[in-house]
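Under the numbering used here, the letters of the sequence shown match residues 16 to 562, in that order. In this text, a Cβ means the ideal position worked out from N, Cα and C, and glycines have one as well.
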Amino acid sequence: MRKFINLSIAILIVFIGVFSVFQPEVQTAEAANAKNFNAGNIISDAVFTNNSAMTAAQIQDFLNKQNSVCLKSKTWLGLYDVNKNGLVEDKTKDEQYGGSTGKKTMTSAQLIKAAADIYRINPQVILVMLQKETSMLTTTDCAAWRYQSALGAGIPDSGSKDPDATKSFVSQIDYGTSYLRTYLTAMGKIGTKGYTYPYSHRVGSNKIKYHPTSSCGTKTVNIANQATAALYIYTPYTPDQKALDAGYGTGGSCSSYGNRNFYLFFVDYFGSASYTVGSKFTSKYNSAGGASALGLPTSNQACGLKDGGCFQMFEKVGMYWSSKTGAWTNKGAIRARFSALKWENGFLGYPASDEACGLKDGGCYQRFQDGKIYWTSKTGAWDVHGGIRGRWDKLKWENGILGYPTSGEIKSASGVYQKFQKGVMIWSSKTGAWEQPAGAIRDRYGKLNYEHGKLGYPNGAYTCKDSTHCYQSYQNGVIIWSKKTGAWEMFKGQIRNKYASLGYEHGKLGYPTAAEAKTASGTSIYQQFENGRIYYSAARGAWVEYK
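Here it is in structure tokens:
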């Protein structure tokens, strides 16, 4: 397992670049304002842990734009989470770096992304830490010591370096990022019976030093969140007023700069160290219960989607807005199905309501511009739209004879069909959408190769006189069922016409009891009924022989 450093509070993971002995290089074309630094809320938890904030390609693009000569073209042994447990294992070098099924080499961007995903830390945080600690994003001095101390991991103010953490750039990325996750995990265990919190800072009131020199004193800081506490565990000093007044510059003899610079770099590079509710979603967010119901934002508002739409992610839901639909939430299994259908770019379009629950069997649904998605714990989440949705509506939705959908639409021949709990719905452009409840008629239709067979698509409703007599019409015939005789097809043609002239099943012949068949001579065909047969030949036409 990961070997974490376990030191006394005096030397807990204190890193270089945090006080006046080292000032990192910086580009200040659009420098952030240090006066906006909030000692108790340096970065939000949502931003800090958003490992999906950048892809490897986006990280590479960022390194290229910064002209990071020490990183942009370098490759390294790869990080690989062998056991998918959020840790890189230490047992062997081969297992730790790449392994038989992981990438054995990675670019700097891929390495940063791998660490971000393994330890669930925002890759932007890792990039900022690289600049804060050793100016790795902008320096042209690519000395070996920079790589070996790139994140300042395992380099305490006093005491020995951790040789595992400082042996390479890969180790720095691995260990430094894992420390941040460990601090967050430890804070999450506060209150657990028998658990002793091992670190110096936590959410709540803390006395934080201005500088490693004790005589410089402390400041009482009310730490608002776990991410900010983790930064103070990593770099346990807060900037004094002189450091803040200096912006990126040098303050006084008791000034430290690590957490100040983290904030400034983050704002310079990525705009904000916290996510705010976007203007398109403020009203909906508040009316839906705000943070207690939806959670805090985990991304900023992103616009420029299809039809000028916008999206924002919160801890518990996603939220979509378009000028035609307004703002609506989207979550859980219904959201997962919406994702599988290509979000707003798919045939459903944007959400047009929130999720509504309390349906039959504990079901839920959500309306979209061009359809709905229904969910139950037994069936999962499935979309209904178009002609199939229209017919299902007439059958009283989930309360009707088909129940809930159990699949999406499936292409077949020149149409589509969709599975439901108690049957299917079949649609073609020529016939429209018609239900086929599970039972004898559908079973017989299946034996005739469904819509691929001679009957073609259904073109009428499944109709029953009572629980013992039903029928359904098709493009090229009908299937008739009775409890006594079973289900049998009658194709369009002379035999069926004759049967119609005799009053169908109400006439003397009764229900069909077999399929069409050829006579022994092969010159005629016939169909058997309860009380006789109808024969047909080209020479004679159709005639009846009663029992």
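Asked, Found
"Taking its Cβ as the centre, do 16 or more other Cβ atoms sit within 10 Å of Cys610, making it buried, or is it exposed?", "Lying before the first or after the last residue shown, residue 610 is absent from the chain, which here runs from 16 to 562."
"Buried or exposed: where does Glu504 fall if 16 or more other Cβ atoms within 10 Å of its Cβ makes it buried?", "buried"
"Can at least three beta-carbon pairs, one atom from the region 256–266 and one from the region 68–75, be found at a separation below 8 Å?", "no"
"Pick from Lys445, Leu92 and Leu259: whose alpha carbon is nearest that of Gln490?", "Lys445"
"Classify Tyr550 as buried or exposed, calling it buried when 16 or more other Cβ atoms lie within 10 Å of its own Cβ.", "buried"
"Kindly indicate the opening and closing residues of the alpha helix (DSSP H) around Ile349.", "Gly347 to Ala355"
"Between the alpha carbons of Val439 and Gln451, how many angstroms are there, rounded?", "5 Å"
"So, using beta-carbon positions, are Tyr290 and Ala124 closer together than 7 Å?", "no"
"Could you give the residue range of the alpha helix (DSSP H) that holds Thr211?", "Counting along the chain, Thr211 falls outside any alpha helix (DSSP H), and DSSP gives it neither H nor E."
"Would you call the CB atoms of Ser91 and Val185 closer than 7 Å?", "The identity of residue 91 in the sequence shown is Trp, whereas the question assumes Ser. Yes; because the gap between Cβ atoms is below 7 Å, this pair is in contact."
"Specify the secondary structure class of Glu148 as computed by DSSP and reduced to three states.", "helix"
"Can you grab the Cα-Cα spacing for the pair Gly55 / Lys119, in whole Å?", "41 Å"
"Judging by CA-CA distance, which residue of Arg548, Ala455 and Leu417 is the nearest neighbour of Tyr514?", "Arg548"
"One question on the structure: do Phe296 and Ala342 come within less than 7 Å of each other, judged by their Cβ atoms?", "yes"
"Step through the CB atoms of chain B and report whether any lies within less than 7 Å of the CB of Gly447.", "Absence of chain B from the displayed structure is noted, only one protein chain being present."
"If the criterion is Cβ atoms closer than 7 Å, does the pair Gln436 and Ser422 meet it?", "no"
"Which residue marks the beginning of the beta strand (DSSP E) containing Thr421, and which one marks its end?", "Pro420 to Ser427"
"On the DSSP bridge assignment, give the partners of Cys325 in chain order.", "Cys318 and Trp336"
"Please report the straight-line C-alpha distance between Met202 and Gly167, rounded to a whole angstrom.", "22 Å"
"Hey, could you find the ends of the beta strand (DSSP E) Leu166 is sitting in?", "Careful: Leu166 lies outside any beta strand (DSSP E) and carries neither H nor E."
"What number of angstroms, rounded off, separates the C-alpha of Tyr247 from the C-alpha of Tyr272?", "12 Å"
"Counting Cβ pairs closer than 8 Å, one from the region 204–224 and one from the region 235–250, do we hit at least three?", "yes"
"Specify, as a first and last residue, the run of the beta strand (DSSP E) that Arg548 falls within.", "Gly547 to Ser552"
"Roughly how many whole angstroms lie between the Cα atoms of Pro254 and Gly347?", "42 Å"
"Does DSSP put Ser516 in a helix, a strand or coil?", "helix"
"May I ask you to report which of helix, strand or coil DSSP gives His484?", "strand"
"Starting from Ile494, follow the beta strand (DSSP E) in both directions and report where the run begins and ends.", "Gly492 to Ser497"
"Straight-line CA distance for Val36 to Cys269?", "Legend: pLDDT at Val36 = 32, less than 50; position of this residue unreliable, value from coordinates given subsequently. Taking the straight line from one Cα to the other gives about 11 Å."
"Leaving aside the five residues before and after Lys50 along the sequence, list all residues of the same chain whose C-beta is less than 7 Å from its C-beta, in chain order.", "Leu259"
"Are the CB atoms of Lys507 and Gly522 within a distance shorter than 7 Å?", "no"
"Kindly list the residues whose CB is nearer than 7 Å to the CB of Asn98, restricted to its own chain and excluding five residues on each side of it in sequence; keep chain order.", "Glu104"
"How would you call Pro420, buried or exposed, if buried means at least 16 neighbouring beta carbons within 10 angstroms?", "buried"
"Quick check: the Cα distance between Ala371 and Lys393, rounded to an integer number of angstroms?", "17 Å"
"Quick check on DSSP: helix, strand or coil for Pro452?", "strand"
"Would you mind reading off the limits of the beta strand (DSSP E) that contains Arg382?", "Cys379 to Phe383"
"Rounded to whole angstroms, how far is the Cβ of Gln542 from the Cβ of Ala529, which I believe are closer than 8 Å?", "7 Å"
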